[in-house]
Amino acid sequence: MAKQLRQIISPLSAYITTRFHRAFRWPGANDNELPAYLQIAFMRGEGLLRERFFSYLEGRHMDDAETQLFFWRQLRENPELLTAVSQQSGLYDAIKRQADAGWLTHTELEMQHYTAYCCLLWDMKVQKEQQLLAIATDRLFAHFSSSLFPSERKQSDPERLKREIRKRLAQQWNIRPEIKESFHTTDDAVTFTLLAKLPAHHSVELIAMQGKRLKPTRLKACQDLLRDLETGRFKPTMPEKRTPKKSSAPDPF
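The opening residue of the sequence shown carries number 697 in this note's numbering; numbering runs sequentially from there.
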């Protein structure tokens with residue numbers, strides 16, 4: 697993963713070194729504010745970030761509101777990635793040369809890195825650096841999602857996926873269930889089902905999926921269920937306890 701991040705940062709660093717090699721200041725800024733041109737670059741760059749981030753999710757069929765909000769919150773509440781890009785590319789040094797000391801003193805460090813990143817996006821947009829913009833957004837988002845959920849990377853082992861599903865359910869229910877499979881086939885289709893089972897409880901259906909062949913349908917069902925559990929899109933209720941059968945009363949003498 698570190699190698700992939702370096703491959704993203706390297707071309708950005710080359711652009712930043714060429715574009716912002718000179719130190720200069722712009723007059724007229726309040727001590728606690730960015731110069732006006734950087735404030736505008738930040739606002740428009742943040743808008744560009746949002747637009748490209750949600751377009752990236754929709755391009756991968758993550759188009760329901762809960763999933764999109766989950767990924768956005770993860771990006772903003774875990775700032776390590778954007779901070780690493782800002783620091784390692786030289787971007788942070790570039791914005792420090794243009795920002796006043798008051799703003800640097802009164803602004804949290806994570807916000808400084810986030811501001812620098814958004815300003816960079818807008819600058820690349822203005823300079824029509826579409827390839828670099830794609831690297832700084834789409835390619836970075838792909839790196840982010842795969843690092844956030846390693847299970848989203850190429851996995852073709854349903855048994856491994858089922859172990860991850862068991863772990864996620866155990867975190868919700870405080871007890872580890874068994875994951876059972878069920879399928880029904882016809883001449884041209886298959887219906888595959890995953891069930892959760894706990895001792896002395898009723899089974900709970902987790903997912904049912906139809907497909908043409910059993911093997912790819914089984915894999916996709918496991919992948920989709922794990923993704924929905926990870927993103928919080930699906931929160932299954934704990935299975936209900938079975939009611940013990942009443943024993944018959946003995947006949948009187």
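C-beta: ideal position from N, C-alpha, C; glycine also.
Taking C-beta to C-beta, are residue i and residue j nearer than 8 Å?
i, j, result
"residue 781", "residue 813", "yes"
"residue 639", "residue 879", "Here the chain has residues from 697 to 949 only, and residue 639 is not among them."
"residue 827", "residue 731", "no"
"residue 833", "residue 816", "no"
"residue 907", "residue 930", "no"
"residue 871", "residue 858", "no"
"residue 935", "residue 890", "no"
"residue 824", "residue 744", "no"
"residue 861", "residue 925", "yes"
"residue 790", "residue 716", "yes"
"residue 712", "residue 835", "no"
"residue 856", "residue 897", "no"
"residue 729", "residue 735", "yes"
"residue 927", "residue 763", "yes"
"residue 854", "residue 810", "no"
What first and last residue would you give for the alpha helix (DSSP H) that runs through residue i?
i, result
"residue 802", "797-802"
"residue 766", "761-773"
"residue 831", "Per DSSP, residue 831 belongs to no alpha helix (DSSP H) and is neither H nor E."
"residue 871", "No alpha helix (DSSP H) holds residue 871; DSSP gives it neither H nor E."
"residue 739", "732-755"
Could you name the residues that DSSP lists as bridge partners for residue i?
i, result
"residue 809", "DSSP output for residue 809 lists no bridge partner at all."
"residue 904", "889"
"residue 876", "891"
"residue 897", "937"
"residue 881", "886"
Along the beta strand (DSSP E) that carries residue i, what are the first and last residues, could you check?
i, result
"residue 785", "Note, residue 785: premise wrong, no beta strand (DSSP E); alpha helix (DSSP H) at 776-785."
Just to confirm, does residue i get its C-beta within under 7 Å of one of the non-hydrogen atoms of the ligand ATP?
i, result
"residue 762", "For the ligand ATP, the structure offers nothing, since it holds no ligand at all."
Those runs of the alpha helix (DSSP H) which lie wholly inside the region 909-939 and span at least 4 residues: 910-927
Any 3 or more C-beta pairs closer than 8 Å across the region 794-811 and the region 858-867: no
Sufficient close CB pairs (3 or more, under 8 Å) joining the region 830-841 to the region 761-778: yes
Stretch pair the region 900-907 + the region 918-938: three plus CB contacts closer than 8 Å: yes
Touching by the beta-carbon criterion (3+ pairs, under 8 Å), the region 753-760 and the region 784-804: no
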